[in-house]
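Trainee: Attaching a single structure in structure tokens format; questions to follow.
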Amino acid sequence: MITHPEPERPVEQRRVRVWFGQHLLHDYLAEATAAERYAESIGRRFAGLEVTVDLEVSADLSPLPCEQLWSVLTP
Numbered sequence: 332m333i334t335h336p337e338p339e340r341p342v343e344q345r346r347v348r349v350w351f352g353q354h355l356l357h358d359y360l361a362e363a364t365a366a367e368r369y370a371e372s373i374g375r376r377f378a379g380l381e382v383t384v385d386l387e388v389s390a391d392l393s394p395l396p397c398e399q400l401w402s403v404l405t406p
């Protein structure tokens, strides 16, 4: 019997948007789990910022900065 490996599931991507009030500061592309962790961490650290996560993914989004850049900022 020949067995074939299961195809890898595509990683779920999200659009991450960073807002200061009504002003959009930046859009990013991130894996779903990283997007949620980023939103939680940044929201806790910077009260004036709102981070939203949605499914509006496009090819022109910049990747979310390396997790080390923001995870060290949060307790």
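Position 37 of the sequence shown, counting from 1, maps to 368 under my numbering, and the rest follow consecutively.
Even for Gly, the Cβ is constructed at its ideal location relative to N, Cα and C.
When the Cα atoms are used, what is the spatial distance from His354 to Ala365?
Mentor: C-alpha separation (whole angstroms): 23 angstroms.
Trainee: With Glu381 as the anchor, note down where its beta strand (DSSP E) starts and where it stops.
Mentor: Where Glu381 is concerned, the enclosing beta strand (DSSP E) stretches over 380 to 385.
Trainee: Please state the DSSP three-state secondary structure of Ala361.
Mentor: In the structure shown, Ala361 sits in a strand (DSSP, three-state: E or B).
Trainee: Would you decide whether Leu395 is buried or exposed? Buried here means 16 or more other CB atoms lie within 10 Å of its CB.
Mentor: When all chains shown are included, Leu395 counts as buried.
Trainee: Identify the continuous beta strand (DSSP E) that holds Val347 and give its terminal residues.
Mentor: Val347 -> beta strand (DSSP E) spans 344 to 351.
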